[in-house]
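Engineer: Before I ask anything, here is the structure I am working with.
Protein chains in written order, with my numbering: chain F, 143 to 294; chain E, 16 to 326.
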């Protein structure tokens, strides 16, 4: 009897603890921001099937790259004026596959679609490659300039 | 065969683009062994801006922690320098649409502008010009010496009617301001217009580029009767937004315009940061708040970073 009671208590507590975990705030840093086409309000599957993620009105929404210790999220707002402060640290949590960010002076939290996710090491590697390519291109240019100078 | 270590010191390349300065320097250290090459490559972007609060009042206490810069989608929070701008002079051109949309109120406001500029003690070392435009091209009413020509703040008679070369006139005025100003002079264009254009050879984009490239801030005064319902209003708003100026409907009164110009002049900042991306092409620049979303930052909207072949 005691065991089944304990089990019942544990089972009933599980959703609460999961919800609490879901509500637990994480923190990250926004490293990129741009205005891009708003994602349609329809279900992601329907959106994928329709082959378009363009908002119906052609409106532009803010898109952020949010970097955490382990994961990098690309999130996108639902309206054009859904801006978040670009502080060093952004605190957020998940709810129903969305990321919620509380803006300091706002009563409500701001909801963002998660457009893409990437593991942090993968993101870092991608960034390093991009940077190396840019540096190589620059050095290639400088080498060319050096040779021109030397020949002069 | 030429040795790479023997190359000549390369000159510093100074690019002053769209009101944002990009400094790119390639340098070599002298006195190093002949089989070694040391290179240092530094690029810096400088942006001049002003800030207003949610009540559209100028903020004179901006700190580096109050904002971040988004340069071609990359967020920059580490700045190399931040200080008040070193403007010591002001060059003001009033650009007047004389194409037929002039109303009585417009004439009164123009008179008020002349009166305010002529009478103000707050514009240090200012030069003041009036250019009108209608039909084929803009016409100079007075060039830098409007104080002397109109000491009683009398509005000069400006012929009206005809077509509207707005974009050509903005290009004309921007180049004029650039020609006679230096880095310490804030270049101001007060534009009285309804935003319409029907004859210019230049496009909207060319006019915008000319203003930004020549570091001219446009303060648009919308003289149309229905400023909020007109697509032309968007043109005026866009000129103001993208050049670091501001937009006003004529009902706001020209006193507000002058007040804003003076406030911006006194509370303008310059921030410098390391070029975050060497991607060639246009770098859009936005300044966004880090904590107070009520803050709005006004700056030019970007610069061109040249491709390697253009350097």
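From the three backbone atoms N, C-alpha and C, an ideal C-beta is built for every residue, glycine too.
Remember, predicted model here, so these are calculated numbers, not experimental data.
Would you say residue 304/E reaches chain F, if we count a Cβ-Cβ gap shorter than 8 Å as a contact?
Structural biologist: By the rule that beta-carbons nearer than 8 Å mark a contact, residue 304/E touches chain F.
Engineer: The segment 168–183 of chain F: which residues have C-beta closer than 7 Å to a C-beta of chain E, in chain order?
Structural biologist: Of all residues in the segment 168–183 of chain F, those with a C-beta nearer than 7 Å to a C-beta of chain E are 172, 173, 174, 175 and 176, reading in chain order.
Engineer: Between residue 96/E and residue 277/E, what straight-line distance do the alpha-carbon atoms span, to the nearest angstrom?
Structural biologist: 24 Å
Engineer: Mind checking the segment 87–107 of chain E against chain F and listing, in chain order, the residues whose C-beta falls within less than 7 Å of any C-beta there?
Structural biologist: 88, 89, 90 and 92
Engineer: Taking C-beta pairs closer than 7 Å, name the residues in chain F that residue 85/E reaches, listed in chain order.
Structural biologist: Neighbours of residue 85/E across chain F, judged by C-beta separation under 7 Å: 175.
Engineer: Would you report the Cα separation of residue 209/F and residue 75/E, rounded to the nearest angstrom?
Structural biologist: 33 Å
Engineer: Jot down the residue ranges of each uninterrupted beta strand (DSSP E) in the segment 177–232 of chain E, minimum 3 residues, whole runs only, in chain order.
Structural biologist: Here the runs fully enclosed are 200–208.
Engineer: Just the chain F side, please: which residues come within less than 9 Å of residue 206/E by C-beta, in chain order?
Structural biologist: Near residue 206/E there are no residues of chain F at all, since even the closest Cβ is about 26 Å away, more than 9 Å.
Engineer: Could you spell out the range, first to last residue, of the beta strand (DSSP E) harbouring residue 112/E?
Structural biologist: 104–112
Engineer: Using a Cβ-Cβ distance under 8 Å, would residue 216/F count as near chain E?
Structural biologist: no
Engineer: Quick test of the definition: if touching needs 3 or more C-beta pairs under 8 Å, does the segment 289–308 of chain E touch the segment 230–239 of chain E?
Structural biologist: no
Engineer: Using 10 angstroms around the beta-carbon of residue 204/E, count the other beta-carbons present and answer buried if the total reaches 16, otherwise exposed.
Structural biologist: buried
Engineer: When the distance is taken between beta carbons, is residue 90/E closer than 8 Å to residue 145/E?
Structural biologist: No, Cβ-Cβ distance for residue 145/E and residue 90/E is not below 8 Å.
Engineer: Does residue 258/F get closer than 8 Å to chain E when you measure Cβ to Cβ?
Structural biologist: Taking Cβ atoms only, chain E never reaches closer than 8 Å to residue 258/F, which makes this a no.
Engineer: Could you please tell me which residues of the segment 179–212 of chain E, in chain order, have their CB closer than 9 Å to any CB of chain F?
Structural biologist: none
Engineer: Using the rule of at least 16 other Cβ atoms within 10 Å of the residue's Cβ for burial, across every protein chain shown, is residue 199/E buried or exposed?
Structural biologist: Around the Cβ of residue 199/E, a 10 Å sphere holds fewer than 16 other Cβ atoms; the residue is exposed.
Engineer: What is the residue span of the alpha helix (DSSP H) that residue 246/E lies within?
Structural biologist: 246–258
Engineer: Beta strand (DSSP E) containing residue 317/E: first to last residue?
Structural biologist: 317–320
Engineer: Run through DSSP, which three-state label would residue 272/E get?
Structural biologist: helix
Engineer: Identify whether residue 69/E lies in helix, strand or coil by the three-state DSSP scheme.
Structural biologist: Coil at residue 69/E, not helix or strand.
Engineer: Rounded to whole angstroms, what's the CA-CA distance from residue 310/E to residue 103/E? Just pull it up for me.
Structural biologist: Distance between the alpha carbons of residue 310/E and residue 103/E: 26 Å.
Engineer: With a threshold of 16 other CB atoms inside 10 Å of the CB of residue 259/F, please say whether the residue is buried or exposed.
Structural biologist: So residue 259/F counts as exposed.
Engineer: Between which residues of its own chain and residue 205/F is the CB-CB distance below 6 Å, once the five residues before and five after are set aside?
Structural biologist: 176, 178 and 218
Engineer: Let me make sure I understand the geometry here. Which of 66/E, 84/E, 266/E and 72/E has the alpha-carbon closest to that of residue 60/E?
Structural biologist: 84/E
Engineer: Whole-angstrom Cβ separation of residue 65/E and residue 279/E, contact assumed at under 8 Å?
Structural biologist: 4 Å
Engineer: Closer than 8 Å, CB to CB, is residue 308/E near chain F or not?
Structural biologist: yes
Engineer: At 8 Å on the CB atoms, spell out the chain E contacts of residue 263/F, in chain order.
Structural biologist: Neighbours of residue 263/F on chain E: none; closest Cβ ~20 Å, over 8 Å.
Engineer: From which residue to which residue does the beta strand (DSSP E) around residue 146/E run?
Structural biologist: Start and end: 142–149.
Engineer: Between 169/F, 242/F and 235/F, which has its C-alpha nearest residue 225/F's C-alpha?
Structural biologist: 242/F
Engineer: Against chain E, with Cβ distances strictly below 8 Å, would residue 230/F count as a contact?
Structural biologist: At least one chain E Cβ lies under 8 Å of residue 230/F.
Engineer: Run through chain E and tell me which residues come within less than 9 Å of residue 213/F, C-beta to C-beta.
Structural biologist: The contacting residues do not exist; residue 213/F stays about 18 Å from chain E at best.
Engineer: With residue 203/F as the anchor, note down where its beta strand (DSSP E) starts and where it stops.
Structural biologist: 202–209
Engineer: Could you pull the start and end residues of the beta strand (DSSP E) that residue 98/E belongs to?
Structural biologist: 96–99
Engineer: Using C-beta distances below 8 Å, list every residue in its chain close to residue 193/F, excluding the 5 sequence neighbours before and after it, in chain order.
Structural biologist: Caution is warranted here: a pLDDT of 47 is assigned to residue 193/F, below 50, making its placement in the model unreliable, and no coordinate value can be reported.
Engineer: From this set, 262/E, 221/E and 245/E, which residue's C-alpha is nearest residue 274/E's C-alpha?
Structural biologist: Checking every option, the nearest Cα to that of residue 274/E belongs to 262/E.
Engineer: With residue 217/E and residue 186/E assumed to form a contact (beta carbons below 8 Å), what rounded beta-carbon distance in angstroms separates them?
Structural biologist: 5 Å
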